[in-house]
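Participant: Numbering (this note's numbering), first residue to last: 3 to 430.
All C-beta atoms, glycine included, are put in the ideal place defined by N, C-alpha and C.
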């Protein structure tokens with residue numbers, strides 16, 4: 003049941019790994035582009051450090067040049083299309099089934115939206131592939147992984163989803179601003195959990211016939227820039243409709259964009275616990291309208307203590323003692339979890355190179371900055387909890403740019419400055 007579900011945080015970051023780049027036409031960087039491509043694509047830590055050293059010593063290296071190379075993107079090769087059920091994907095030595103649908107009209111020169119669909123208990127990705135592949139138009143790629151018992155609320159299941167998105171970007175031309183996560187029942191729970199903690203990856207979430215328990219509700223705050231489309235049956239006897247109603251009410255309180263649809267229909271086998279075909283056109287129309295906002299000027303981040311990773315241009319580095327979930331998320335409910343003792347950071351760029359931050363239960367955090375967020379030619383001011391944390395100029399770094407680009411694999415988010423801020427303790 004949902005009351006046994008916890009939250010997951012993992013450090014695996016996703017996106018298309020660039021194995022080859024369209025080389026820029028500027029002659030001075032032709033020799034640099036292949037090195038950058040190899041650095042971003044290698045899975046070997048030792049090789050990446052060797053390549054990084056070579057790039058940094060290159061005569062033509064600069065933040066502007068490397069940024070141009072990365073943004074030029076990779077050259078995609080044609081791949082198999084159509085219905086591709088039963089393929090395999092390996093995550094941490096474990097093999098899982100992964101089913102794809104690639105429109106027969108797919109062309110590698112075009113960027114496509116990606117929908118990742120998570121099945122419910124007793125089903126498989128292949129079965130959901132059959133249900134979904136006729137529902138999306140020619141502009142969508144569909145990926146349906148299979149996880150045992152549909153236990154998408156475990157850490158390994160989350161890693162499977164993130165690796166699915168990464169591999170989709172390796173094989174096919176995925177538009178990073180149009181990646182969607184949806185799921186039914188247990189899969190809907192997974193869509194909530196993964197979507198909340200990796201919100202900057204997604205243009206939208208579509209959980210169906212699912213819900214969250216009380217200890218997870220604070221993580222909805224992470225969805226400030228990630229719209230949600232919820233569907234639930236009023237006659238659902240597996241996941242009571244009140245679960246989705248309470249989430250919709252909380253999103254209303256937060257003022258976050260979302261669509262909540264209830265239906266009265268019943269299925270001969272599933273009763274009210276299903277996704278009616280009649281709801282599909284409106285959902286696909288919603289998908290069509292959504293685009294991710296790559297660099298919003300304000301962010302809200304709520305974390306437990308099980309793992310930290312970048313959340314767009316912020317990251318938590320050190321906290322006070324806070325709630326921490328286990329890998330399986332169902333075998334631990336200590337007092338901090340029950341009391342929902344989480345770290346929270348609210349950061350806003352308020353103009354004139356000023357960043358204001360509110361931090362709760364946080365000892366140290368990081369800001370990742372670029373020329374789209376601040377003006378590097380002017381001094382930067384950072385204020386945390388009303389107190390001055392930093393004032394001065396920051397200098398873009400090619401090394402920071404490359405390390406963050408390799409970590410994130412997201413050409414829409416390139417950061418050449420990494421600034422660490424210590425949070426001053428309140429005076430007594």
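Can you tell me whether DSSP reads residue 340 as helix, strand or coil?
Facilitator: In the structure shown, residue 340 sits in a helix (DSSP, three-state: H, G or I).
Participant: Using beta-carbon positions only, say whether residue 100 and residue 150 come within less than 7 Å of one another.
Facilitator: Not in contact: residue 100 and residue 150 (Cβ atoms no closer than 7 Å).
Participant: Look up residue 142 in the DSSP assignment and give the residues it is bridged to.
Facilitator: In the DSSP output, where bridge partners are listed per residue, residue 142 has 115.
Participant: Looking at the secondary structure, which residues open and close the beta strand (DSSP E) in which residue 102 lies?
Facilitator: Taken as a continuous stretch (DSSP letters only), the beta strand (DSSP E) holding residue 102 covers 96-104.
Participant: For residue 26, which three-state DSSP category applies?
Facilitator: Residue placement at residue 26 is flagged as unreliable, the pLDDT there being 43, under the threshold of 50; the coordinate-derived value follows with that caveat. Of the three classes helix, strand and coil, the one that applies to residue 26 here is coil, per DSSP.
Participant: Would you report the Cα separation of residue 55 and residue 400, rounded to the nearest angstrom?
Facilitator: Cα to Cα, the separation comes out at about 11 Å.
Participant: For the ligand HEM, any of its heavy atoms closer than 6 Å to the Cβ of residue 60?
Facilitator: By its list of ligands, the structure shown contains no ligand whatsoever, and the ligand HEM lies outside what it can speak to.
Participant: What residues are listed by DSSP as bridge partners for residue 363?
Facilitator: Residue 363 is not bridged to any residue.
Participant: Whose CA, out of 98, 116, 78, 95, lies closest to the CA of residue 105?
Facilitator: It is 116 whose Cα lies nearest to the Cα of residue 105.
Participant: Just list the alpha helix (DSSP H) runs in the stretch 216-264, keeping only unbroken ones of 4 residues or longer that don't cross its boundaries, in chain order.
Facilitator: For the stretch 216-264, whole alpha helix (DSSP H) runs of length 4 or above, ordered along the chain, are 244-256.
Participant: Do the stretch 349-369 and the stretch 378-385 make contact, defined as three or more Cβ pairs closer than 8 Å?
Facilitator: The stretch 349-369 is in contact with the stretch 378-385.
Participant: Note down, one range per segment and in chain order, each alpha helix (DSSP H) of at least 4 residues found wholly within the stretch 22-80.
Facilitator: Counting only runs of 4 or more, we get 35-43, 47-58, 65-74.
Participant: In terms of DSSP beta bridges, what is residue 393 paired with?
Facilitator: Answer is 383.
Participant: For the beta strand (DSSP E) that contains residue 319, what are its first and last residues?
Facilitator: Segment 316-321, the beta strand (DSSP E) holding residue 319.
Participant: For the putative contact between residue 345 and residue 305, defined by C-beta atoms under 8 Å, what is the C-beta separation to the nearest angstrom?
Facilitator: Yes, residue 345 and residue 305 are in contact; Cβ-Cβ is about 5 Å, under 8 Å.
Participant: Just checking, does the stretch 204-216 make contact with the stretch 240-260 on the three C-beta pairs under 8 Å criterion?
Facilitator: Yes: at least three Cβ pairs fall under 8 Å.
Participant: Apply the 10 Å Cβ neighbour rule to residue 279 and answer buried if 16 or more other Cβ atoms are within range, or exposed otherwise.
Facilitator: Answer is exposed; the Cβ neighbour count stays below 16.
Participant: With a CB to CB cut of under 6 Å and the five nearest residues on each side skipped, what residues in its chain are close to residue 402?
Facilitator: Cβ within range, chain order: 418, 420.
Participant: First and last residue of the beta strand (DSSP E) that includes residue 402?
Facilitator: It is not in any beta strand (DSSP E) - residue 402 instead sits in the alpha helix (DSSP H) that spans 400-410.
Participant: Is residue 152 near residue 199, with beta carbons less than 7 Å apart?
Facilitator: Contact: no.
Participant: Label residue 290 either buried or exposed according to how many other C-beta atoms from any shown protein chain fall within 10 Å of its C-beta, with 16 as the threshold for buried.
Facilitator: Counting Cβ neighbours within 10 Å, residue 290 comes out exposed, since fewer than 16 surround it.
Participant: Residue 154: which of 292, 127, 173 sits nearest, CA to CA?
Facilitator: Here the closest residue by C-alpha is 127.
Participant: Give every residue of the same chain whose Cβ lies closer than 6 Å to the Cβ of residue 315, excluding the five residues on either side of it in the sequence, and list them in chain order.
Facilitator: Correct list, in chain order: 370.
Participant: Can you check DSSP and say which residues form a bridge with residue 421?
Facilitator: Answer by DSSP bridge pairing, in chain order: 369.
Participant: Relative to the C-alpha of residue 366, which residue among 360, 263, 309, 321 is closest?
Facilitator: Residue 321 is the option with its Cα nearest to residue 366.
Participant: With distances taken between CB atoms, is the gap from residue 264 to residue 234 smaller than 7 Å?
Facilitator: The answer is yes: Cβ separation under 7 Å.
Participant: Considering residue 290, what are the terminal residues of the alpha helix (DSSP H) in which it resides?
Facilitator: From DSSP, the alpha helix (DSSP H) with residue 290 extends over 282-291.
Participant: Skipping 5 residues on each side, what residues in its chain have a beta carbon closer than 7 Å to that of residue 175?
Facilitator: Closer than 7 Å at the Cβ level, and outside the excluded window around residue 175, lie 78, 110, 112, 113, 114.
Participant: What separation, rounded to the nearest whole angstrom, lies between the Cα atoms of residue 95 and residue 161?
Facilitator: The alpha-carbon atoms of residue 95 and residue 161 are separated by roughly 12 Å.
Participant: From 277, 283, 362, 374, pick the residue whose C-alpha is nearest to that of residue 428; which is it?
Facilitator: Considering only alpha carbons, the answer is 362.
Participant: Under a three-way DSSP split, which group does residue 271 fall into?
Facilitator: Three-state result, residue 271: coil.
Participant: Does DSSP put residue 346 in a helix, in a strand, or in coil?
Facilitator: Reduced to three states, the DSSP call for residue 346 is strand.
Participant: Rounding to the nearest angstrom, what Cα-Cα distance links residue 137 and residue 84 in this structure?
Facilitator: Going from the Cα of residue 137 to the Cα of residue 84 covers about 14 Å.
Participant: Within this structure, are the beta carbons of residue 258 and residue 250 separated by less than 7 Å?
Facilitator: Against a cut-off of 7 Å, the Cβ pair of residue 250 and residue 258 comes out as no contact.
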